[in-house]
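Number 668 marks the last residue of the sequence shown (this note's numbering); no jumps.
In what follows, a single structure is set out as C-alpha cells and then discussed.
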Amino acid sequence: MDDYEELHAKSIADPEAFWAEQAAELSWQKSWHSVLDWNDAPFAKWFDGGKINAAENCLDRHVADGRGDEVAIYWVGEPGDTRNITFSELLSETCRFANAMIARGVKSGDRVLIYMPMVPEAAIAMLACARIGAVHSVVFGGFSATSIKDRLEDSEATTIITADGGWRRGNVVPLKANVDEALENYDAVENVFVLKRCENEIKMTEGRDAWWHDATADMSDFCPAEGFDAEHPLFILYTSGSTGKPKGILHTTGGYLTGTATTFKYVFDHQKDDIYWCTADVGWITGHSYIVYGPMANGAAQVMYEGAPNQPDWDRFWQIVAEYKVTIFYTAPTAIRAFIKAGDHHVDKHDLSSLRLLGTVGEPINPEAWMWYHEKIGAGRCPIVDTWWQTETGAIMITPLPGATPLKPGTATRPFLGIDAAILDETGEECGPNEGGKLVIRKPWPSMLRTIYKDPERFKETYWNEYEGIYLAGDGARTDDDSYFWIVGRLDDVLNVSGHRLGTAEVESALVSHEAVAEAAAVGRPHDIKGQAVVAFVTLKEGIDHGDELALELRQHVGAEIGAIAKPDDIRFTQTLPKTRSGKIMRRLLKEIVSGGEVKGDTTTLEDFNVVASLQKED
Ligand code: PRX
C-alpha cells in the first residue's frame, strides 16, 4: 500500500509522464508529438500526432510475437456448442471481414452499427471496424427495433452487422427481424451483414443484405492495418442520461487503448497463463473495454459465453469456470445476488480452485453479496477488485490493486494510477472524511470520452458545467477515514437496473408514446436482485379506464420501445402527479412513496397537498 501511495502521488503530480510511459507499451506506427493537449478544454487531445491501429495492437502484435497458435477466445454457446479461436485465426477472420466491408464500400470514418449475440464474430466485427478506421456503434442485443432506429438516426450509420438470431434462455432472439423492423421506412442503410447463428428463418433484402459467410468467402485474410490518428474516433456507445434521448459517448483510439490496456494489466494483475472471463455483453462499455480492447491488447486468453447464467441451470457459470480453469472472473453485483438466491448447492457441484482473482462492476456491491462472493466463490482466497467507472470514463478509475490494497467490502477503495478523483461539495471545496458530496475527476485522463456525438454543448453542460475544468461523474460518494471511496449512487434521474443505466425520462417518453397515456413519472425502488426496479406512475387521457389489461399492455409497450430491461415492475394509475407550482413533477416524493410508503421530505413547494395523500392511500 505504501508503494501504491507513492506511485499514485507521483502519477497525479505528472499524469502526462505516467500515461506516456503506459502508452509506449502499445505498438505505434508513428510516435506522438504531444502527450496531452488541453488548450481547448474540455475537448482533450491525447497523443496528438501519433498514429496507431487498435486492431493491430489486439491481434497482429501477438501473432508477430510467436503467439499465433495460442487460444485467444474459448467460446461457449448457450446450447453447449464450443469453439476455441487462436490469435492467428482471430486475425485472419478480422481481416477477411474487414475486406468484405471494404468491398462493399465501407470507409474510414463511416459509422457501423453492430447488433450481435455474444459470439466471437461480435468481437471480430468490432476489430474489423477498428482495422479500417470505421466507427463502430454496438447496440445491446436486448434492445428493441425502436432503440436500433434511434441510434441509426443519430449515428447516421450506413452499415449494420447482425445475426439471424442469438440464444437466450433457450429461445432465439430475433435479431435480424428487429433490424428489419428498424429499417422499415428508413433507407439510409446500404449494407446489412448477417451472421448465421441460430438458423432461424429470416428475410433477406436483395442488394442490401448479405450473409457474413458469403460476403467473406472470397476475401483475402490479409488486410493492411493502416495507422490512424490517435484521436481518430474508435466507437460511439449510447448510454442513458437524464433526458429521453440517449447520449452517443464518443471514444477515440490511442488514449482509449492506453487506458483499457493499462488498467487491464494492473487491476487484473494479468499474467501470461491466466484464463480470464468477463461475463458482460459486448453491447455495454464493460464488454468493449474488458472483453475486447483491454484483454486483447494484452494478449489475454479469455472465455466468452453467449447465454444466460441460468441456462440450463444456475450452475452454468461455475461449470464453465471449472471446465476452462478460469483464473480471473469479472461480473456484476446483480448476478452475484441472483446466485445467492439460487442457492449454494449450484456452486458446490463444481471445482472452483482455479480462481485467483474476482472482480465486480456496474453498481455498488452490498457487503453481504461481497462476503458471499469472497467466501463461496473465492474460498476466502481470492481478492475482489470492486471497480468503479463509467461508459464515459472508458476504463476503470477507482479500484483496489490486488495484493496491494487492503480490501473492505462495499468500497471501490482508491483511484487508479494517473487518476485524480475527489469528492466536492456544492461550493467546490473538497469534502472531509465521511462527508457526502459529488464525485469528480480533476485532471483529464487518456480514455475519457471526447464528446457526445454531434452534441458538444450537451457534453459541456452535462460533465463540465458544475466545476470549472473538472469532470462531474454524476455519482454521489464519500470517502472514509482511510480515504477509500464509497459510491452512493447516481445524483441525476438515472436508474441502475441490474447494473445497467436507464434514464427515467426514457421510460416516461416510452409510456407517453402510448395512446392511452396522458402523463407518466418513472422512479426507482430498491430491489433485492436488480439493485433498483422501475415503478411508473401513469395518468390516463380523459375518458380512458385502465381496466385489467392496460398495465400489462404498457409494460409491453415500454419493452418494444426500449427493451426488456426498461419494463416497469409496477405501474400505478393515478388521477394526478405531485407537481411544483411551476409544473415540475416532484419525483423525489414519488421515490419516497415507492421506497418507504411515507413522505418525509419537504413538501412546501408542492402545488396540491392532496395529491400525496391520495398516492399514499393508493400505495
Ligand atoms: O453509478 C455508477 C455505477 O454505474 C454508473 C456507470 O454506468 P455505465 O456507464 O453503464 O457503466 C457501467 C460499467 C462501467 C456509475 O456512474 N457504477 C459502476 N461501477 C460501480 C458503480 N457504482 C458503484 N460501484 C461500482 N464499482
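Beta carbons: idealized from backbone N, C-alpha and C, even for Gly.
Please tell me whether, using a cut-off of 6 Å, the distance from the CB of residue i to the nearest non-hydrogen atom of ligand 1 is below it.
i, result
"residue 437", "yes"
"residue 411", "yes"
"residue 365", "no"
"residue 288", "yes"
"residue 445", "no"
"residue 440", "yes"
"residue 334", "yes"
"residue 461", "yes"
"residue 536", "yes"
"residue 524", "yes"
"residue 527", "no"
"residue 550", "yes"
"residue 386", "no"
"residue 539", "yes"
I believe residue i touches residue j by the beta-carbon criterion, under 8 Å. Please report the beta-carbon distance rounded to the nearest angstrom.
i, j, result
"residue 284", "residue 399", "At roughly 36 Å, the Cβ-Cβ gap does not stay under 8 Å, so residue 284 and residue 399 are not in contact."
"residue 342", "residue 305", "7 Å"
"residue 499", "residue 299", "5 Å"
"residue 99", "residue 303", "5 Å"
"residue 161", "residue 206", "6 Å"
"residue 665", "residue 634", "Not really, about 16 Å apart at Cβ, beyond 8 Å."
"residue 290", "residue 543", "7 Å"
"residue 374", "residue 433", "The Cβ separation is near 19 Å, so there is no contact."
"residue 454", "residue 50", "6 Å"
Considering just the uninterrupted stretch of the alpha helix (DSSP H) at residue i, what are its terminal residues?
i, result
"residue 613", "First-last for residue 613: undefined, no H or E at that position."
"residue 82", "First-last for residue 82: undefined, no H or E at that position."
"residue 388", "382-391"
"residue 561", "553-561"
"residue 309", "302-316"
"residue 68", "64-72"
Between residue i and the rest of its own chain, which residues show a CB-CB distance below 8 Å, the 5 nearest in sequence each way excluded?
i, result
"residue 135", "117, 118, 119, 120 and 121"
"residue 222", "166, 190, 191, 214, 215 and 216"
"residue 193", "227, 608, 609, 610, 611 and 612"
"residue 503", "203 and 297"
"residue 269", "144, 145 and 148"
"residue 526", "472, 485, 486, 487, 488, 534, 535, 536 and 537"
"residue 369", "125, 326, 352, 354 and 375"
Can you list, in chain order, the residues of its chain whose CB lies under 7 Å from that of residue i, leaving out five sequence neighbours each side?
i, result
"residue 260", "243 and 245"
"residue 567", "588, 589 and 590"
"residue 271", "144"
"residue 593", "565"
"residue 92", "499 and 500"
Excluding the five sequence neighbours on either side, which residues of its own chain have a C-beta within less than 6 Å of the C-beta of residue i, listed in chain order?
i, result
"residue 409", "382 and 435"
"residue 225", "211, 213, 243 and 251"
"residue 204", "160, 186 and 285"
"residue 508", "500 and 501"
"residue 153", "240"
"residue 82", "98"
"residue 127", "216, 355, 356 and 360"
"residue 218", "357 and 360"
Since residue i is in the beta strand (DSSP E), which residue starts that stretch and which ends it?
i, result
"residue 139", "Counting along the chain, residue 139 falls outside any beta strand (DSSP E), though it belongs to the alpha helix (DSSP H) covering 136-152."
"residue 228", "Where residue 228 is concerned, there is no enclosing beta strand (DSSP E), although the alpha helix (DSSP H) it sits in stretches over 224-231."
"residue 353", "350-354"
"residue 473", "470-473"
"residue 568", "566-576"
"residue 217", "215-217"
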